[in-house]
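Chemist: 1027 is the number that my numbering gives the last residue of the sequence shown; the numbers go up by one with no jumps.
Let me begin by handing over the structure; questions about it come next.
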Amino acid sequence: MDDTEAVDQAGRGGADQVGRVGRAGLDQAGPGGPDQVDPGAARERRLAAFRAAKRVLSRPGADLTYADSLERLARRAPEVFDLGRTSDMYGDSIVEELERRVAGLLGKEDAAFFPTGTMAQQIAVRVWAGRTGDATVALHPLAHPERHERDAFSAVSGVRTVHPTAEPRLPNAEEVREFEEPFGTLMLELPLREAGFVLPSWQELVDVVEAARERDAVVHFDGARLWECGPHFGRGLAEIADLADSVYVSFYKSLEGLGGAVLAGPRSFVAEAKAWRHRYGGQIFQQYPTVLSALIGLEDELPRLPSYVAHARVVAEALREGFAQAGVPFFRVHPGVPHTHQFQVWLPYEASALDEASVRMAEETGTALFRRWFTEGPPGLSVTEVTVAGPGLEWGAEDVRLAVREFVGRVG
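What follows is the structure, encoded as structure tokens:
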């Protein structure tokens, strides 16, 4: 899931993101927020407040200075790779090491590293279109390629998209089996971020994959955030990935890498994908800083994700209790029990007022409970995304409830 990587580090509520405007244009056109008045000044004020905050639920890479990022990279890199080896050139050396490691984690024959997830998925659907003889991809209308990539599938890769369902969840087996049009590839975004980072049950996922197979379609997982899906499914990464013919994973969202993605699948599929990677401009001379950050993320963040998911459920429940105690006339935490370590919060106020309350609270108390707010859905309602990562583990339920009280008191 990209040319938007600099602002997509932790979800709409965890970094500076946007809905339909497109993440790359967020700070020029933040919907409903203070950026409409003075984008540059508002953005700098917001980032300064969040960087200075001592208590946060997550600390996305966008909060770090260049010096902070480089210090972390220099400190941890010698522990994840032999820095005495010759540097990479056009995808060898450390790049191949990352590819092998991710292929092993996902239980796939091979893997290819890409500079962006957009490119990886463009190539995945293109390769499958050629192999199946059907250039139609079935996916959800809220999926990242449909909402945030400027119709790249059709404009760049010549594939057509169809939607088995428009419900705010992934399609079920019946919808896939009974869909009236043929398609060669079923793409499933795990989790479906725009609908609230939602996942099907394990049996539902198995059933929908089987339904696609009945139609002789291949299955591709848009797994930008696949890393944190294991606790919900009660399965390991390899067992989840085994359901799909190909899988894409990202390194900068959940794993706090500098960027990059991997596309994994059968050996012949990956070989063809690498040929297209060259044609699409992804054969980059040297990529070791990004790859090192990915290896660090696999070492540091991947083992901790289950604890983030578990604590997100504590935070979500405490948010509900806090809003109820504060007398907020309407609120929703969605899903009720988070499926991953990210979820949505809906409140009945304008996004500009909620943005201002978020920034003021960070400035005045050193605690940042929420990040950006967006006006989506019915008029008068705004939504944010909450990410619970390492720093959030320090918050108890009472800390969250007190922070909600502080926040609501600033909403004017």
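Where a beta carbon is used, it is the ideal one built from N, C-alpha and C, also for glycine.
1) Compute the Euclidean distance between the alpha carbons of Ala630 and Ala682, then round it to the nearest angstrom.
2) Report the residue from Leu910, Gln902, Asp860, Leu698 whose alpha carbon sits nearest the alpha carbon of Arg882.
3) Can you tell me which of Leu698, Gly875, His835 puts its alpha carbon nearest to the alpha carbon of Arg892?
4) Starting from Ser997, follow the beta strand (DSSP E) in both directions and report where the run begins and ends.
5) Helix or strand or just coil, what does DSSP make of Arg590?
6) Report yes if the CB atom of Ala927 is closer than 9 angstroms to the CB atom of Pro953, and no otherwise.
7) Give me the Cα-Cα distance between Val742 and Glu936, rounded to the nearest whole angstrom.
8) Going along the chain, which residues of its own chain have a beta-carbon closer than 7 angstroms to the beta-carbon of Leu910, five neighbours each way excluded?
9) Would the beta-carbon of Ala727 fall within 9 angstroms of that of Val877?
10) Indicate the three-state DSSP secondary structure (helix, strand or coil) for Gln959 in the structure shown.
11) Starting from Ala725, trace the alpha helix (DSSP H) both ways and give me its first and last residue.
12) Determine whether the beta carbon atoms of Pro904 and Arg674 lie at a separation below 9 angstroms.
13) Would DSSP call Thr776 helix, strand or coil?
14) Within 10 angstroms of the Cβ of Gly1011, are there 16 or more other Cβ atoms? Answer buried if so, exposed if not.
15) Thinking Gly706 and Gln959 are a contact (beta carbons under 8 angstroms), I'd like their distance in whole angstroms, please.
16) Under the rule that 16 or more other beta-carbon atoms within 10 Å means buried, what is Gly648, buried or exposed?
17) Rounded to whole angstroms, how far is the Cβ of Arg947 from the Cβ of Asp970, which I believe are closer than 8 angstroms?
18) Taking 9 angstroms as the threshold (C-beta atoms), are Pro815 and Leu841 in contact?
19) Could I get the ranges of all uninterrupted beta strand (DSSP E) runs contained in the stretch 909-950, with 3 residues as the minimum, in chain order?
20) With H, G and I counted as helix, E and B as strand and the rest as coil, what does DSSP make of Met976?
21) Give the single residue among Arg765, Arg850, Ala856 whose Cα lies nearest to the Cα of Met802.
22) Anyone know if the C-beta pair for Phe798 and Asp766 falls short of 9 angstroms?
23) Considering only their Cβ atoms, is the gap separating Ala941 from Leu1020 smaller than 9 angstroms?
24) Please determine, among Arg715, Gly773, Ile738, the residue with the shortest C-alpha to C-alpha distance to Asp837.
25) Excluding five sequence neighbours on each side, which residues of the same chain lie with their C-beta closer than 7 angstroms to the C-beta of Arg1016?
26) So Ser684 is in the alpha helix (DSSP H); what residue range does that whole segment cover?
27) If you follow the alpha helix (DSSP H) that Ser883 is in, where does it begin and where does it stop?
28) For Asp653 and Val1026, I'd like the C-alpha separation in whole angstroms.
29) Based on the DSSP secondary-structure assignment, which residues constitute the bridge partners of His835?
30) Which residues does DSSP list as the beta-bridge partners of Ala879?
31) With respect to the beta strand (DSSP E) encompassing Ala753, which residues constitute its N-terminal and C-terminal limits?
32) Please report how far the alpha carbon of Pro1047 lies from the alpha carbon of Arg691, in whole angstroms.
33) How close, in whole Å, do the beta carbons of Glu843 and Thr955 come, if the pair is a contact with beta carbons under 8 angstroms?
34) Could you say which of Met976, Gly981, Pro963, Pro846 lies nearest to Arg919 if we only look at CA atoms?
35) List the whole-angstrom C-beta distance separating Leu870 from Glu916, where the pair is believed to meet the contact cut-off of C-beta under 8 angstroms.
36) Relative to the C-alpha of Trp908, which candidate in Glu724, Glu825, Ala689 has its C-alpha closest?
Modeler: To lay it out plainly:
1) Start at 1 with the first residue of the sequence shown, and residue 630 comes out as number 15. Start at 1 with the first residue of the sequence shown, and residue 682 comes out as number 67. The predicted model places Ala630 with a pLDDT of 34, which falls under 50 and marks its position as unreliable; any figure quoted below should be read in that light. Straight-line Cα distance between these residues: approximately 19 angstroms.
2) Numbered from its first residue, the sequence shown carries residue 882 at position 267. The option with the nearest alpha carbon to Arg882 is Asp860.
3) The residue given as residue 892 occupies position 277 in the sequence shown. Closest by alpha carbon: Gly875.
4) Numbered from its first residue, the sequence shown carries residue 997 at position 382. Note, Ser997: beta strand (DSSP E), 997-1002.
5) The requested residue 590 does not occur in the structure, where the chain is confined to residues 616 to 1027.
6) Residue 927 sits at position 312 when you count from the first residue of the sequence shown. Residue 953 sits at position 338 when you count from the first residue of the sequence shown. Contact flag set, yes.
7) For the purposes of this step, residue 742 is taken as the residue at position 127 of the sequence shown. For the purposes of this step, residue 936 is taken as the residue at position 321 of the sequence shown. The alpha-carbon atoms of Val742 and Glu936 are separated by roughly 49 angstroms.
8) For the purposes of this step, residue 910 is identified with residue 295 of the sequence shown, where counting begins at 1. Closer than 7 angstroms at the Cβ level, and outside the excluded window around Leu910, lie Val695, Phe696, Leu713.
9) Translated into positions along the sequence shown, residue 727 becomes position 112. Translated into positions along the sequence shown, residue 877 becomes position 262. Cβ distance < 9 angstroms, so Ala727 and Val877 count as in contact.
10) By one-based count along the sequence shown, residue 959 stands at place 344. Of the three classes helix, strand and coil, the one that applies to Gln959 here is strand, per DSSP.
11) Residue numbering aside, residue 725 sits at position 110 when the sequence shown is read from its first letter. It should be pointed out that residue 725 corresponds to Asp in this sequence rather than to Ala. Per DSSP, Asp725 belongs to no alpha helix (DSSP H); it is in the beta strand (DSSP E), 725-729.
12) The sequence position of residue 904 within the sequence shown is 289, counting from 1. The sequence position of residue 674 within the sequence shown is 59, counting from 1. Going by C-beta atoms, Pro904 is not nearer than 9 angstroms to Arg674.
13) Translated into the one-based positions of the sequence shown, residue 776 becomes position 161. In this structure, Thr776 counts as strand in the three-state DSSP scheme.
14) Locating residue 1011 in the sequence shown gives position 396, counting from the first residue. Flag for Gly1011 reads exposed.
15) Within the sequence shown, the letter at position 91 stands for residue 706. Within the sequence shown, the letter at position 344 stands for residue 959. So it is not a contact: roughly 38 angstroms between Cβ atoms.
16) Counting from 1 along the sequence shown, the entry for residue 648 is found at position 33. Because the pLDDT of Gly648 is 41, which lies under 50, any placement of that residue in the model is unreliable, and the number read from its coordinates should be weighed accordingly. So Gly648 counts as buried.
17) Along the sequence shown, read from residue 1 onward, the residue named residue 947 stands at position 332. Along the sequence shown, read from residue 1 onward, the residue named residue 970 stands at position 355. Incorrect: roughly 19 angstroms between the Cβ atoms, too far for contact.
18) Here residue 841 refers to the residue found at position 226 when the sequence shown is read from its first residue. Here residue 815 refers to the residue found at position 200 when the sequence shown is read from its first residue. Against a cut-off of 9 angstroms, the Cβ pair of Pro815 and Leu841 comes out as no contact.
19) 947-949
20) Start at 1 with the first residue of the sequence shown, and residue 976 comes out as number 361. Correct three-state label for Met976: helix.
21) Counted from its first residue, the sequence shown places residue 802 at position 187. Of Arg765, Arg850, Ala856, the residue nearest in Cα terms is Ala856.
22) The residue labelled residue 798 in the question sits at position 183 within the sequence shown. The residue labelled residue 766 in the question sits at position 151 within the sequence shown. The answer is no: Cβ separation not under 9 angstroms.
23) Locating residue 1020 in the sequence shown gives position 405, counting from the first residue. Locating residue 941 in the sequence shown gives position 326, counting from the first residue. According to the sequence shown, residue 1020 is Arg rather than Leu. It is a contact, given that the beta carbons lie within the stated cut-off.
24) Here the question's residue 837 lines up with position 222 in the sequence shown. With distances taken between Cα atoms, Asp837 lies closest to Ile738.
25) Taking the sequence shown and counting its residues from 1, one reaches residue 1016 at position 401. So the list reads Ala933, Glu936, Gly937, Gln940, once near-sequence residues are dropped.
26) Residue 684 sits at position 69 when you count from the first residue of the sequence shown. Per DSSP, Ser684 belongs to the alpha helix (DSSP H) from 681-695.
27) Your numbering for residue 883 matches position 268 in the sequence shown. Its alpha helix (DSSP H) spans residues 882-894.
28) Translated into the one-based positions of the sequence shown, residue 653 becomes position 38. Translated into the one-based positions of the sequence shown, residue 1026 becomes position 411. Using only the alpha carbons, I get a separation of about 20 angstroms.
29) For the purposes of this step, residue 835 is identified with residue 220 of the sequence shown, where counting begins at 1. DSSP output for His835 lists Met802, Ser861 as bridge partner(s).
30) To locate residue 879, count along the sequence shown from 1; it is residue 264. Its beta-bridge partners are Ala726, Val862.
31) By one-based count along the sequence shown, residue 753 stands at place 138. From DSSP, the beta strand (DSSP E) with Ala753 extends over 751-753.
32) Outside the shown range of the chain, which is 616 to 1027, sits residue 1047, and nothing can be said about it.
33) Walking along the sequence shown from the start, residue 843 turns up at place 228. Walking along the sequence shown from the start, residue 955 turns up at place 340. Right, their Cβ atoms sit about 4 angstroms apart.
34) The residue you call residue 919 lines up with position 304 of the sequence shown. Measuring from the Cα of Arg919, the nearest candidate turns out to be Pro846.
35) If you number the sequence shown from 1, residue 870 lands on position 255. If you number the sequence shown from 1, residue 916 lands on position 301. Confirmed, about 5 angstroms.
36) One-based indexing of the sequence shown puts residue 908 at position 293. Looking at the sequence shown, residue 908 is not Trp but Ser. It is Ala689.
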